[in-house]
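Novice:
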Ligand code: ADP
Ligand code: MG
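Residue numbers (the numbering used here): 69 to 637.
Rendered as structure tokens:
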């Protein structure tokens, strides 16, 4: 796991080496400083040569300034390194998620992916900022300082060695408590946000039930919980910092008192005493780092583990090694003995045989949950089938590249997803790089022209969350415009007009009929009027394909379809 973590440093090797070398120099300078002071007091002061004293003082100041400057570099470049790594990881994860198959999204909650991309990567980033070089430098200064202290005075060094673990423990303890406190604060602020979002977007429901007071009291509870959580995190922070401060001062005092006693006994020179006090201060920084890392490391590594788990999930639907690019298919679709289930314990489709001639319009009807959408989502290989074969123009779809196969198929569903952006961008989603002329043509054929031209900003109108709200029929027409741009030989209309009122449906039906022209079209429809002119109607039930034929044939047959028809009219 750690080795894998380090592979992310590879692209930033130069930065890492620069940062690391500066950090080593800083550590050495920091260790040298108390020694220089000790030498200054013990050797230079008694001589009383002012010229030497002044020039050495200037040297010490220069040493200090350069060390501070180097620390700036270490800090800045170290963070830069961490941020770069975090950015790489986030991009990699996003790319990976984009390439996953449908089943992955069926089984993974969006919030789960979101928290990998935000929270976990934040923790990993923290570790990457502060991780390896901090630990190395901390351990090095720690050992270096003790080594020097032991050579100067064993007794005093032993005493310090004895008390230091308490300080490390205290820092780690405070960090863990802080982390808990922050976590519960994040949870509470999440609750507050959710409550605000709920009652604001549901305000019409709230007011129509005159439940404002109820909402207010519910919000008050969340608001108070957040207050408590925030307060307790500040309490932990306050006693934590005070406690640590007290402990460090205590250690300095212990050194001072013991050192004074040793000095009176003639076992320690004045310079050595000052040197010790300074070394104790040098120690505090690595101790602080080690304490913080004791909390950061498990958190960052846990995040990294979840990150890699997500990264290691292989996409289910992949191109075969010898997959071929297909272009301009005619759209003759064949299902042969196709079996499919979303999971192992339930088969949704059993031994489906179906042949669709190129250019025909085939309608699927049947009870909801029968598998109509499922049949259609197998054609673009959103899922791979468990048995049998699906072919287009006689070529097995598994031997085509996913990208070229999907380029041949257009889908219009009941819910049209609009991206944040302009109308133009949303229409052009059907064909990236489409010219203005092409977009205008598509809009015209989708009967969108009049609507768009009446808008003050026209094609540049923002849609979505913070923009123009579109009606179901308008959204549907955007989806149709996208299809005119994409211009695929195979078209799937999955209850595209089911959510619309009959009047809107009638207008859109016109655009859909234009769209279906010269394409193999699969229509799933609720209202049987919309499919009257289909070349063939396929009735799907949970048992499979129950009957198929033209409208007239099925009515004459007096089976399931005739029954459905009678109920609707
Ligand atoms: P229809 O479009 O005919 O209403 P579907 O093809 O959507 O039916 O669904 C067929 C069956 O498969 C239903 O039992 C449904 O619950 C199940 N199903 C549909 N989509 C999924 C999915 N993504 N994961 C698991 N089961 C699903
Ligand atoms: Mg469906």
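Even glycine gets a Cβ: it sits at the ideal position worked out from N, Cα and C.
Any heavy atom of the ligand ADP closer than 6 Å to the CB of residue 416?
Specialist: At least one heavy atom of the ligand ADP is nearer than 6 Å to the Cβ of residue 416, so yes.
Novice: Can you name the start and end residues of the beta strand (DSSP E) that residue 88 belongs to?
Specialist: From DSSP, residue 88 is part of no beta strand (DSSP E) but of the alpha helix (DSSP H) over 81 to 107.
Novice: So the alpha helix (DSSP H) residue 158 belongs to, where does it begin and stop?
Specialist: It spans 118 to 166 - the alpha helix (DSSP H) in which residue 158 sits, taken as one unbroken run.
Novice: Taking only three categories from DSSP, how would you classify residue 327?
Specialist: Helix.
Novice: Quick one: give me the first and last residue of the beta strand (DSSP E) that residue 393 is part of.
Specialist: Per DSSP, residue 393 belongs to no beta strand (DSSP E) and is neither H nor E.
Novice: Is any heavy atom of the ligand MG found at a distance shorter than 6 Å from the C-beta of residue 598?
Specialist: No, since every heavy atom of the ligand MG falls outside the 6 Å radius drawn around the Cβ of residue 598.
Novice: Decide if residue 327 is buried, meaning its Cβ has at least 16 other Cβ atoms within 10 Å, or exposed.
Specialist: By the 10 Å Cβ count, residue 327 comes out buried.
Novice: Secondary structure at residue 468, three-state DSSP: helix, strand or coil?
Specialist: Looking at residue 468 - three-state DSSP - the assignment turns out to be strand.
Novice: Does the contact criterion of 3 or more C-beta pairs under 8 Å hold for the stretch 334 to 344 versus the stretch 104 to 120?
Specialist: Yes: at least three Cβ pairs fall under 8 Å.
Novice: Residues in its own chain within less than 7 Å of residue 253 by CB, not counting five upstream and five downstream?
Specialist: For residue 253, where only same-chain residues beyond five positions count, the Cβ hits under 7 Å are 297, 298, 301.
Novice: Thinking just about the alpha-carbon of each residue, which of 619, 164, 609 is nearest to the one in residue 437?
Specialist: Checking every option, the nearest Cα to that of residue 437 belongs to 609.
Novice: State the CB to CB distance for the pair residue 422 and residue 407, rounded to an integer number of angstroms; the pair is presumed to be in contact (CB under 8 Å).
Specialist: About 13 Å; that fails the 8 Å criterion.
Novice: Report yes or no: do the stretch 612 to 628 and the stretch 452 to 468 share at least 3 C-beta pairs separated by less than 8 Å?
Specialist: Flag = no, the stretch 612 to 628 and the stretch 452 to 468 do not touch.
Novice: By Cβ distance below 6 Å, which residues in the same chain neighbour residue 188 in space, the five residues on each side in sequence not counted?
Specialist: Correct list, in chain order: 371, 374, 375.
Novice: For the ligand MG, is there any heavy atom lying closer than 6 Å to the beta carbon of residue 441?
Specialist: At least one heavy atom of the ligand MG is nearer than 6 Å to the Cβ of residue 441, so yes.
Novice: Measure the beta-carbon distance from residue 210 to residue 351 and round it to whole angstroms, keeping in mind my assumption that it falls under 8 Å.
Specialist: With a Cβ gap of about 7 Å, residue 210 and residue 351 count as contacting.
Novice: State whether the stretch 159 to 179 contacts the stretch 91 to 104, with contact taken as three or more CB pairs (one from each stretch) at a distance under 8 Å.
Specialist: Not touching, per the Cβ criterion.
Novice: Going by other Cβ atoms of all chains shown within 10 Å of its Cβ, with 16 needed for buried, is residue 559 buried or exposed?
Specialist: The residue is buried, with at least 16 neighbouring Cβ atoms inside 10 Å.
Novice: Are there 16 or more other CB atoms within 10 angstroms of the CB of residue 234, so buried, or fewer, so exposed?
Specialist: Exposed.
Novice: Please check the pair residue 591 and residue 561, which I expect to be a contact at CB under 8 Å, by giving their CB distance rounded to whole angstroms.
Specialist: Residue 591 to residue 561, Cβ: 5 Å. Contact.
Novice: In terms of alpha-carbon separation, which member of 141, 128, 115, 75 lies closest to residue 12?
Specialist: Here the chain comprises residues numbered 69 to 637, so residue 12 is not present and cannot be evaluated.
Novice: Are the CB atoms of residue 435 and residue 400 nearer to each other than 7 Å?
Specialist: Taking 7 Å as the Cβ cut-off, residue 435 and residue 400 do not qualify as a contacting pair.
Novice: Using 6 Å as the cut-off, classify the Cβ of residue 437 as near or not near the heavy atoms of the ligand ADP, replying yes or no.
Specialist: Yes, Cβ of residue 437 sits closer than 6 Å to a heavy atom of the ligand ADP.
Novice: Rounded to whole angstroms, what's the CA-CA distance from residue 85 to residue 69? Just pull it up for me.
Specialist: Rounded to the nearest angstrom, the two C-alpha atoms are 22 Å apart.
Novice: Using 8 Å as the cut-off, can you tell me whether the stretch 163 to 182 makes contact with the stretch 116 to 124, which would need three or more C-beta pairs spanning the two stretches below that distance?
Specialist: These segments do not touch.
Novice: In chain order, what residues of the same chain lie with their CB nearer than 8 Å to the CB of residue 311, ignoring the 5 residues before and after it?
Specialist: The residues are 238, 242.
Novice: Taking all protein chains shown into account, decide if residue 565 is buried (16 or more other Cβ within 10 angstroms of its Cβ) or exposed.
Specialist: So residue 565 counts as buried.
Novice: When the Cβ atoms of the stretch 535 to 552 are set against those of the stretch 507 to 520, are three or more pairs found closer than 8 Å?
Specialist: Touching, yes, given that three or more Cβ pairs across the two stretches are closer than 8 Å.
Novice: Tell me which residue opens and which closes the alpha helix (DSSP H) that residue 615 is part of.
Specialist: Segment 612 to 617 is the beta strand (DSSP E) holding residue 615; no alpha helix (DSSP H) there.
Novice: Along the chain, where does the alpha helix (DSSP H) that runs through residue 272 open and close?
Specialist: Run containing residue 272: 271 to 276, per the alpha helix (DSSP H) assignment.
Novice: Taking 8 Å as the threshold, find out whether the stretch 264 to 271 comes into contact with the stretch 385 to 402 through three or more Cβ pairs.
Specialist: Judged by Cβ distances under 8 Å, the stretch 264 to 271 makes no contact with the stretch 385 to 402, as fewer than three pairs qualify.
Novice: At the level of alpha carbons, what is the spacing between residue 492 and residue 509?
Specialist: So the two alpha carbons sit approximately 12 Å from each other.
Novice: Considering only the alpha carbon of each residue, which of 442, 332, 630 lies closest to residue 481?
Specialist: Among 442, 332, 630, the Cα nearest to that of residue 481 belongs to 442.
Novice: Can the beta-carbon of residue 502 be found closer than 7 Å to that of residue 553?
Specialist: Result yes, Cβ atoms of residue 502 and residue 553 sit closer than 7 Å.
Novice: Could you give the DSSP three-state label for residue 604: helix, strand or coil?
Specialist: Reduced to three states, the DSSP call for residue 604 is strand.
Novice: With burial defined as no fewer than 16 other Cβ atoms inside 10 Å of the residue's Cβ, what is the status of residue 145: buried or exposed?
Specialist: The residue in question, residue 145, is buried, as its Cβ has 16 or more Cβ neighbours within 10 Å.
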